[in-house]
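Visitor: Okay, so the sequence shown: first residue is 234 according to the working numbering, each after it adds one. Just so it is clear, CB atoms sit at the ideal spot from N, CA and C, and this is done for glycine as well.
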Amino acid sequence: MRKLKYILIIIFFALTNIVFSQVSGTILMDSLSLPGAEIKFKKSDKGVMADFDGNFVLPLESEIKNNILVISYAGLSIEIKNIELKNGKLNIGEFEIPYFKDISITEFEQLSESEKENCLPTYCWGQLLGYFSTDKLEKEYLTLNCREKITEFEFNPTTKTIIVDWNLIKECK
Numbered sequence: 234m235r236k237l238k239y240i241l242i243i244i245f246f247a248l249t250n251i252v253f254s255q256v257s258g259t260i261l262m263d264s265l266s267l268p269g270a271e272i273k274f275k276k277s278d279k280g281v282m283a284d285f286d287g288n289f290v291l292p293l294e295s296e297i298k299n300n301i302l303v304i305s306y307a308g309l310s311i312e313i314k315n316i317e318l319k320n321g322k323l324n325i326g327e328f329e330i331p332y333f334k335d336i337s338i339t340e341f342e343q344l345s346e347s348e349k350e351n352c353l354p355t356y357c358w359g360q361l362l363g364y365f366s367t368d369k370l371e372k373e374y375l376t377l378n379c380r381e382k383i384t385e386f387e388f389n390p391t392t393k394t395i396i397v398d399w400n401l402i403k404e405c406k
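1. My guess is that PHE328 and LEU377 are in contact by the Cβ rule of under 8 Å, so how many angstroms apart are they, rounded?
2. For SER305, I'd like the list of residues in its chain whose CB is within less than 7 Å of its CB, leaving aside the five on either flank, ordered along the chain.
3. Would you mind giving the Cβ-Cβ distance between LEU291 and LYS273, rounded to the nearest angstrom? I have them listed as a contact below 8 Å.
4. May I ask which residues mark the beginning and end of the beta strand (DSSP E) holding SER366?
5. Mind checking who LYS276 pairs with in its DSSP beta bridge?
6. Spatial neighbours of SER257 within its chain, please: CB distance less than 6 Å, with the 5 preceding and 5 following residues excluded, ordered by chain position.
7. Looking only at its chain, what residues have a beta carbon closer than 6 Å to the beta carbon of ILE316, apart from the 5 residues adjacent to it on each side?
8. Since TYR356 sits in a beta bridge, which residues does DSSP pair it with?
9. Would you kindly work out how many angstroms separate the C-alpha atoms of SER277 and LEU293, rounded to a whole number?
10. Using only the alpha-carbon positions, how far apart do GLU385 and ILE338 sit?
11. Using the Cα positions of THR392 and LEU309, report the straight-line distance between them to the nearest angstrom.
12. Is the separation between the beta-carbon of CYS357 and that of SER366 shorter than 8 Å?
13. Can you tell me whether LEU401 is helix, strand or coil according to DSSP?
14. Return helix, strand or coil for ILE395, following the three-state DSSP convention.
And the structure:
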C-alpha cells in the first residue's frame, strides 16, 4: 500500500511537470506588440501564435529533444539555440523582431535583377514608398530581451534566418 502511494505521487508530479512545462514571452517590433508571430521549437510541428498584445505561451507536451526555439514573422526567423528549461518553465521576456533593410526607390533601381528578387515593396495608401531588401538587416545588432546591443549572431540571407545563442541574452532581462 505504501509503495502504491509513492508511485501515485511520482506519477502525479511527472504528469503535472509535463502539463505545465512551457515557454512564454512577448514579441515586439519597434517596441510595439506584434500579433501573429509564430513560436515553436525547431523540428516540431506544434507551435503557437502571439496574441494581440504580442504575448505567447508555448506548452511543452513532453521532454524537448531539440533546444532551438524559433520565432517567425513576415519571412524572417530568429533561432535561439541552447535554450535551458528550469523546472519545465521559461519566460524569454520581450523580444524585438528586427527589420529588413529599408532602401529607396532609387537604390532599388540600381540593383541587379537577381538582387531585386530579394526585395519587397513598401506601400502606404497605395503609394510606393520604397523597398525592403530581405537579404540584409536594417541594423547590425539585435536588441533581444535587453537594452544592450547584441552583435554576436549569424544572419543567413538565403534562408532569412537569424541564429543567436540564448547564453548571450538570458542574463540581460
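Guide: According to the structure shown:
1. That belief holds up - the Cβ atoms of PHE328 and LEU377 are roughly 5 Å apart, short of 8 Å.
2. Excluding residues within five positions, the ones whose Cβ falls inside 7 Å are ALA270, GLU271.
3. Rounded, the Cβ-Cβ distance is 7 Å, consistent with contact.
4. Taken as a continuous stretch (DSSP letters only), the beta strand (DSSP E) holding SER366 covers 360 to 370.
5. DSSP lists no partner for LYS276.
6. Result list for SER257: VAL290, ASN324, in chain order.
7. These residues qualify, in order along the chain: ASN300, LEU302, TRP399.
8. Answer by DSSP bridge pairing, in chain order: LEU361.
9. Going from the Cα of SER277 to the Cα of LEU293 covers about 11 Å.
10. Looking at the two C-alpha atoms, the distance is approximately 31 Å.
11. Just so you know, the alpha carbons of THR392 and LEU309 end up roughly 8 Å apart.
12. Contact flag unset, no.
13. Residue state, collapsed to three classes: helix.
14. In this structure, ILE395 counts as strand in the three-state DSSP scheme.
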